[in-house]
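Enquirer: Here it is: the structure, laid out below.
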């Protein structure tokens, strides 16, 4: 039996759907990441699970108990969970008081509280900060305090709502390490929301993609990244080259797709006439000045319209009738003398093209 | 100018020498207004919390009405309470008129709007994330409300100080309900009013200095306490 189970969960604000048809099962001890762009409903979902808000309809089960049907303050249920918000929230008091807060609320005696807080301060790398006023901490430090406060009462379920969204890279790394550590050493089930696909890949055992209030794909981060199962997921996980077309020919699995004026070869069993979305990863396209040097089935001639340099890599935009984004190294840009207006060939294998039927 | 200066010097002497009458009036003033503010705080802070944390029809209107009563004239409160507790009034049987208790009742009514209204604005100034964090950390509803009041403690204590200041400095209700009876209901403000009319300016000045002194000391002490905790 799944530890956390969401069944047909739905939330509305007036007539507007914030979440719809959410079905998800998360096992005990899992580190599950909800990935989605800003405004996709991640916070709404976590707030429902944490019993801070009531769903419009649907059920949430924890350990088999339907927590949405329980009446009253539900304090026993809420005390099984803890949450960390995107914006670090600390109470106006010392760091010690902040971390001790959940234990105090549970009526635990000061004598027992002190050593637990101290041990956690060591874990989060803030030894000796106990007497500091929490409001004077940096954003990253405050978020580590918030994380410590969340785990001190040993929750069974830890909900993290983009805890690293506003932090510097060093703090992000520290928080990520702590999340993994608490997940492993305390066995706490973690549900973490993030808009950062790469953070999802770094942390998650499994991930779910939430877009416009719908859970559109669930699986391992690698599978979501490699084979997104819809155009919008593809766009979100960094598949820049997403096109809509129609299958115009298919000879035993080798199909041709017409996209506006261009035709590309793909591997697909879909029948002729079917509308499809096709994606090509920018790193799967090879540029060449002469064309036909590769064994790739697709060789499109085009002209470079822009070159964006991002670190050691460059994104080259080539207009071949369809506009392709191609990822190449800075070195290649220099060696091939790539520049705006240059005629160039874009080559990619038929098997490198991901094809999905339009629903 | 000379007269004022000499008056001030003698007034300071009266205060420093712990003149029995000055002390007696000051202590009564403190006791009456402290009782009023404690009673008002015990009522208004929870009521302010209730209003702030619940959504209901007419909430906005209610808050506006409360704010309008911030500037309730003290003599109107005096008159209103007088009508209730005078012999012929509905509460006449309690024999409250012209007792310190009557002044306390008047002052409680006088400062309730300020205390309630300022509690509401203090609490509404606390970010919603504090409540979510408290509930998310396993606080009960009442523990969460208490946490929010603690977060707003500067503003809430500010409201209490303001209420105390209004109570101890008002003269209308104290005069009409207490009657300024020497040794029984005479407080600093009614005494100053009477002694000034009688030409006892030195005594009036001494009492005035004490009145300002009390306000200053309380404000300073409270601020020190707040900074420490």
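Protein chains in written order, with the numbering used here: chain A, 1 to 359; chain B, 1001 to 1229.
By construction, the Cβ of each residue, glycine as well, lies at the ideal position given by its N, Cα and C atoms.
Source: prediction; values computed, not measured.
Can a CB atom of chain B be found closer than 9 Å to the CB of residue 354 of chain A?
Expert: Against the first chain, residue 354 of chain A aligns to sequence position 354. Cβ-Cβ to chain B under 9 Å: no for residue 354 of chain A.
Enquirer: Beta carbon of residue 1138 of chain B, beta carbon of residue 78 of chain A: below 9 Å?
Expert: Here residue 1138 of chain B refers to the residue found at position 138 when the second chain is read from its first residue. Here residue 78 of chain A refers to the residue found at position 78 when the first chain is read from its first residue. Yes, Cβ-Cβ distance for residue 1138 of chain B and residue 78 of chain A is below 9 Å.
Enquirer: Could you tell me the alpha carbon to alpha carbon distance between residue 307 of chain A and residue 348 of chain A, rounded to whole angstroms?
Expert: Position 307 of the first chain, counted from the first residue, corresponds to residue 307 of chain A. Position 348 of the first chain, counted from the first residue, corresponds to residue 348 of chain A. Those two C-alpha atoms are separated by around 19 Å.
Enquirer: Let me check one thing: in DSSP terms, what residues is residue 187 of chain A bridge-paired to?
Expert: Numbered from 1 along the first chain, position 187 holds the residue referred to as residue 187 of chain A. BP columns for residue 187 of chain A are empty, so no partner.
Enquirer: Short of 6 Å in beta carbon distance, which residues of its chain neighbour residue 67 of chain A, apart from the five on each side in sequence? Order them along the chain.
Expert: Looking up residue 67 of chain A in the first chain gives position 67. Taken in chain order, the residues that qualify are 60, 77.
Enquirer: With which residues is residue 245 of chain A paired in a DSSP beta bridge?
Expert: Here the question's residue 245 of chain A lines up with position 245 in the first chain. Answer is A:276, bridged to residue 245 of chain A.
Enquirer: Along the stretch 145-163 of chain A, what residues have a CB closer than 7 Å to any CB found in chain B?
Expert: The residues in question are 149, 153.
Enquirer: List in chain order: all unbroken beta strand (DSSP E) runs of 3+ residues lying wholly within the stretch 195-267 of chain A.
Expert: Listed in chain order, the complete beta strand (DSSP E) runs (minimum 3 residues) inside the stretch 195-267 of chain A are 206-211, 214-219, 241-251, 254-259, 262-267.
Enquirer: Note down, in chain order, all residues in the stretch 1121-1142 of chain B with a beta-carbon under 7 Å from any beta-carbon belonging to chain A.
Expert: From the stretch 1121-1142 of chain B, only 1129, 1130, 1132, 1133, 1135, 1136, 1137, 1138, 1139, 1140, 1141 have a Cβ closer than 7 Å to chain A.
Enquirer: Measuring only between beta-carbons, confirm whether residue 1119 of chain B sits less than 9 Å from chain A.
Expert: Along the second chain, one-based indexing puts residue 1119 of chain B at 119. So, not an interface residue.
Enquirer: Classify residue 181 of chain A: buried if its beta carbon has 16 or more other beta carbons within 10 angstroms, exposed otherwise.
Expert: Within the first chain, numbered from 1, the residue matching residue 181 of chain A stands at position 181. Exposed, since its Cβ has fewer than 16 Cβ neighbours within 10 Å.
Enquirer: Less than 8 Å between the CB atoms is what I'm expecting for residue 1097 of chain B and residue 1086 of chain B, so what's the real figure, rounded?
Expert: Start at 1 with the first residue of the second chain, and residue 1097 of chain B comes out as number 97. Start at 1 with the first residue of the second chain, and residue 1086 of chain B comes out as number 86. With a Cβ gap of about 6 Å, residue 1097 of chain B and residue 1086 of chain B count as contacting.
Enquirer: Evaluate the contact criterion for the stretch 134-143 of chain A versus the stretch 101-115 of chain A: three or more CB pairs, one atom per stretch, below 8 Å.
Expert: Because the criterion of three Cβ pairs below 8 Å is not met, the stretch 134-143 of chain A and the stretch 101-115 of chain A do not touch.
Enquirer: Which whole-angstrom value describes the C-beta separation of residue 73 of chain A and residue 1141 of chain B, a residue pair presumed to lie in contact below a C-beta threshold of 8 Å?
Expert: In the first chain, counting from the first residue as 1, residue 73 of chain A sits at position 73. In the second chain, counting from the first residue as 1, residue 1141 of chain B sits at position 141. Contact holds; Cβ gap of about 5 Å.
Enquirer: Give the residues of chain B in contact with residue 52 of chain A, contact being defined as C-beta atoms less than 8 Å apart.
Expert: Locating residue 52 of chain A in the first chain gives position 52, where the first residue counts as 1. Simply 1132, 1135, 1136.
Enquirer: Give the residues from the stretch 95-110 of chain A that approach chain B closer than 7 Å (Cβ to any Cβ), ordered along the chain.
Expert: Listed by position along the chain: 101, 102, 105, 106.
Enquirer: Below 7 Å CB to CB, which residues in the same chain sit around residue 12 of chain A once its five sequence neighbours on both sides are set aside?
Expert: For this step, residue 12 of chain A is matched to residue 12 along the first chain. These residues qualify, in order along the chain: 18, 56.
Enquirer: Please classify residue 161 of chain A: does DSSP put it in a helix, a strand, or coil?
Expert: Along the first chain, read from residue 1 onward, the residue named residue 161 of chain A stands at position 161. Looking at residue 161 of chain A - three-state DSSP - the assignment turns out to be strand.
Enquirer: Taking any Cβ of chain B, which residues in the stretch 121-146 of chain A have a Cβ under 9 Å from it, in chain order?
Expert: The stretch 121-146 of chain A vs chain B, Cβ under 9 Å: 146.
Enquirer: Using a threshold of 8 Å, is the CB atom of residue 32 of chain A nearer than that to any non-hydrogen atom of the ligand GTP?
Expert: Inclusion of the ligand GTP in the displayed structure is not the case, the ligand content being empty and no account of it being possible.
Enquirer: Measure from the alpha carbon of residue 97 of chain A to the alpha carbon of each residue in A:129, A:86, A:124, A:354, then state which is nearest.
Expert: Mapped onto the first chain, residue 97 of chain A falls at position 97. Among A:129, A:86, A:124, A:354, the Cα nearest to that of residue 97 of chain A is on A:129.
Enquirer: Is the distance from the Cβ of residue 377 of chain A to the Cβ of residue 333 of chain A below 9 Å?
Expert: Residue 377 of chain A lies beyond the residue range present for chain A, which begins at 1 and ends at 359; the question has no answer from this structure.
Enquirer: Over the uninterrupted beta strand (DSSP E) stretch that includes residue 305 of chain A, give me the two end residues.
Expert: Numbered from 1 along the first chain, position 305 holds the residue referred to as residue 305 of chain A. 298-310 is the extent of the beta strand (DSSP E) around residue 305 of chain A.
Enquirer: When you check each C-beta in the stretch 59-88 of chain A against every C-beta of chain B, which residues fall closer than 7 Å?
Expert: Listed by position, the residues of the stretch 59-88 of chain A near chain B (Cβ gap below 7 Å) are 73, 75, 78, 79, 82, 83, 85, 87.
Enquirer: Pick out the complete alpha helix (DSSP H) segments inside the stretch 3-76 of chain A, 4 residues or longer, and give them in chain order.
Expert: Here the runs fully enclosed are 42-49.
Enquirer: Who does residue 319 of chain A pair with in a DSSP beta bridge?
Expert: Counting from 1 along the first chain, the entry for residue 319 of chain A is found at position 319. For residue 319 of chain A, which the question treats as bridged, DSSP gives the partners A:303, A:323.
Enquirer: Per DSSP, what are the beta-bridge partners of residue 133 of chain A in this structure?
Expert: Taking the first chain and counting its residues from 1, one reaches residue 133 of chain A at position 133. Answer is A:94.
Enquirer: Return the first residue and the last residue of the alpha helix (DSSP H) that residue 1174 of chain B is part of.
Expert: Your numbering for residue 1174 of chain B matches position 174 in the second chain. Note, residue 1174 of chain B: premise wrong, no alpha helix (DSSP H); not H, not E.
Enquirer: From residue 1075 of chain B to residue 1200 of chain B, what distance separates their C-alpha atoms?
Expert: The sequence position of residue 1075 of chain B within the second chain is 75, counting from 1. The sequence position of residue 1200 of chain B within the second chain is 200, counting from 1. Distance between the alpha carbons of residue 1075 of chain B and residue 1200 of chain B is about 25 Å.
Enquirer: Which residue's Cα is closest to the Cα of residue 1209 of chain B: B:1002, B:1003, B:1026, B:1073?
Expert: Here residue 1209 of chain B is taken as the residue at index 209 of the second chain, counted from 1. Ranking B:1002, B:1003, B:1026, B:1073 by Cα distance to residue 1209 of chain B puts B:1026 first.
Enquirer: Mind checking whether residue 215 of chain A and residue 24 of chain A have CB atoms under 9 Å apart?
Expert: Position 215 of the first chain, counted from the first residue, corresponds to residue 215 of chain A. Position 24 of the first chain, counted from the first residue, corresponds to residue 24 of chain A. Yes.
Enquirer: Considering only residues of the same chain and omitting the five flanking positions on each side of residue 1090 of chain B, which have a CB-CB separation below 7 Å?
Expert: For the purposes of this step, residue 1090 of chain B is identified with residue 90 of the second chain, where counting begins at 1. Closer than 7 Å at the Cβ level, and outside the excluded window around residue 1090 of chain B, lie 1084.
Enquirer: Please state the DSSP three-state secondary structure of residue 108 of chain A.
Expert: Along the first chain, read from residue 1 onward, the residue named residue 108 of chain A stands at position 108. Residue 108 of chain A falls in the coil class under three-state DSSP.
Enquirer: Starting from the beta carbon of residue 92 of chain A, find every residue of chain B whose beta carbon is closer than 7 Å, and list them in chain order.
Expert: Within the first chain, residue 92 of chain A is the residue found at index 92, counting from 1. Ordered by position in chain B, the residues that pass the 7 Å Cβ test against residue 92 of chain A are 1151.
Enquirer: Would you tell me roughly how many angstroms separate the C-alpha atoms of residue 1123 of chain B and residue 131 of chain A, rounded to the nearest one?
Expert: The count along the second chain starts at 1 and reaches residue 1123 of chain B at position 123. The count along the first chain starts at 1 and reaches residue 131 of chain A at position 131. Cα-Cα distance, rounded: 26 Å.
Enquirer: What are the boundary residues of the beta strand (DSSP E) that includes residue 354 of chain A?
Expert: The residue you call residue 354 of chain A lines up with position 354 of the first chain. It spans 353-357 - the beta strand (DSSP E) in which residue 354 of chain A sits, taken as one unbroken run.
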